[in-house]
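Asker:
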Amino acid sequence: MLRWQLVPPAPPVRTGAPHPRTTRLPRALVVRDPEPEELRATIDWSDWYLDDADGIGAWGEHDEISRLLLSSIAQLARERGWTDHHAGSDRFFAWIREEPLVRVSPDVYLLDHRPSPPLPKQWQTWLPGHRPPRFALEIVPSDWQRAYEDIPLKYCQLGCPELAIFDPPAAAPRPPVGRVALQVYRRDPDGAYVRAYAGPGPAFSPALDSWLCVVGSGAEARLRLARAGGKGELVPTEEEVAKAEVRAREAAEARVRELEARVRELEALEQR
């Protein structure tokens, strides 16, 4: 059985510290006193444009990371009886009607409702039935600094409740300066997009009700799911479940052959 050790970070010890607050003031994005030229300027969205060939995984490990996580989500859905959902990858999500090229292409995404086929080439959230994903994963490309800055801004505007950013090169004993293997952003009830976690993992995902775990290091790093509850059991992929079923069937068949052989031996002894 695959397991992953879940060790939550220890809270800081503060002698005589007051009890943690159970309430907070609401957060909101407010821009104060911009330059007059900025007020009159037209927004230039072109820096966020994605052409059809952009945003699609182009390196080998990228596809394997996405495939493993998608397969684990599919297995999780079967176990939990999810009947109205859709998980996919590399599909565009746009959110500005007048700027359809302003969009993102999650490496993995989960929708709350199963769409009627055929799937659209691009989800457009201003259309009926086109909604932001409940969960999205972005694998950091080579331009990691820009990815760290831009990806959360885009998913915040898209309206995605939970975003995970996975940076495989940072999954190393000594990660590159300024980089972390796993980041998780969540939308607060007041609309603020908050980085709730940044580190080596694991990190809990309320959207999936599972732990996000970084397994392996560097080019071999993968993002896997572990079951909630703290025992650290990894959610298997569909391939792992199929292999386990084959092994169990082969073991059962071998046991049957063993028992049949034993019965034949006993029958032969009785006939002597």
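Count along the sequence shown from 1, then add 1141; that gives the number in the working numbering.
The beta-carbon is built from N, C-alpha and C at its ideal position, and this holds for glycine as well.
The structure displayed is predicted, hence computed values, not measured ones.
1. Among R1336, S1246, P1258 and L1410, which one has its Cα closest to the Cα of P1189?
2. Using CA atoms only, rank isn't needed, just tell me which of L1410, V1172, E1380 and T1164 is closest to Q1216.
3. Look at the alpha carbon of R1155 and the alpha carbon of T1163, and state the distance between them as a whole number of angstroms.
4. In whole angstroms, what is the alpha-carbon distance linking H1254 and V1281?
5. Counting only the same chain and skipping the five closest in sequence on each side, list residues whose C-beta sits under 7 Å from that of L1242.
6. Shortest alpha-carbon distance to R1336 belongs to which of G1342, E1411 and Y1326?
7. Check this for me: beta carbons of L1375 and L1364, under 8 Å apart or not?
8. What are the start and end residues of the beta strand (DSSP E) that includes L1323?
9. Starting from R1363, trace the beta strand (DSSP E) both ways and give me its first and last residue.
10. Identify whether L1268 lies in helix, strand or coil by the three-state DSSP scheme.
11. Within a Cβ cutoff of 7 Å, which residues of the same chain sit near L1400, ignoring the five residues on either side of it in sequence?
12. Just to check my reading of the structure: A1313 and S1358 have Cβ atoms closer than 8 Å, yes? What is that Cβ distance to the nearest angstrom?
13. Identify which residue in C1297, D1291, P1258 and Q1265 has its Cα closest to the Cα of F1276.
14. Buried or exposed: where does D1329 fall if 16 or more other Cβ atoms within 10 Å of its Cβ makes it buried?
15. In terms of DSSP beta bridges, what is A1288 paired with?
Answerer: Result, derived from the coordinates:
1. Position 48 of the sequence shown, counted from the start, is the residue given in the question as residue 1189. A quick correction: the sequence has Trp, not Pro, at residue 1189. Ranking the options by Cα distance to W1189, first place goes to S1246.
2. On the sequence shown, residue 1216 is found 75 positions in, with the first residue counted as 1. Cα-wise, what sits closest to Q1216 is E1380.
3. For this step, residue 1155 is matched to residue 14 along the sequence shown. For this step, residue 1163 is matched to residue 22 along the sequence shown. With a pLDDT of 42 at R1155, under the threshold of 50, the predicted position of this residue should be treated as unreliable, though the coordinate-derived value follows. Whole-angstrom Cα-Cα distance: 18 Å.
4. Within the sequence shown, numbered from 1, the residue matching residue 1254 stands at position 113. Within the sequence shown, numbered from 1, the residue matching residue 1281 stands at position 140. Spanning the two alpha carbons is a distance of roughly 27 Å.
5. Taking the sequence shown and counting its residues from 1, one reaches residue 1242 at position 101. For L1242, where only same-chain residues beyond five positions count, the Cβ hits under 7 Å are Y1190 and L1191.
6. What you label residue 1336 is simply residue 195 of the sequence shown in a count that begins at 1. Of the candidates G1342, E1411 and Y1326, the one whose C-alpha sits nearest the C-alpha of R1336 is Y1326.
7. By one-based count along the sequence shown, residue 1375 stands at place 234. By one-based count along the sequence shown, residue 1364 stands at place 223. Not closer than 8 Å, so no.
8. Within the sequence shown, residue 1323 is the residue found at index 182, counting from 1. Note, L1323: beta strand (DSSP E), L1323 to R1328.
9. If you number the sequence shown from 1, residue 1363 lands on position 222. R1363 to R1368 is the span of the beta strand (DSSP E), which, as asked, contains R1363.
10. To locate residue 1268, count along the sequence shown from 1; it is residue 127. Looking at L1268 - three-state DSSP - the assignment turns out to be coil, as it is neither helix nor strand.
11. Looking up residue 1400 in the sequence shown gives position 259. Here the set comprises nothing.
12. Looking up residue 1313 in the sequence shown gives position 172. Looking up residue 1358 in the sequence shown gives position 217. Correct: roughly 5 Å between the Cβ atoms.
13. Along the sequence shown, read from residue 1 onward, the residue named residue 1276 stands at position 135. Per the Cα distances, C1297.
14. Working through the sequence shown from its first residue, we reach residue 1329 at position 188. With fewer than 16 other Cβ atoms within 10 Å, it is exposed.
15. Sequence index remark: in the sequence shown, residue 1288 carries index 147 (1-based). Bridge partners of A1288: none, in fact.
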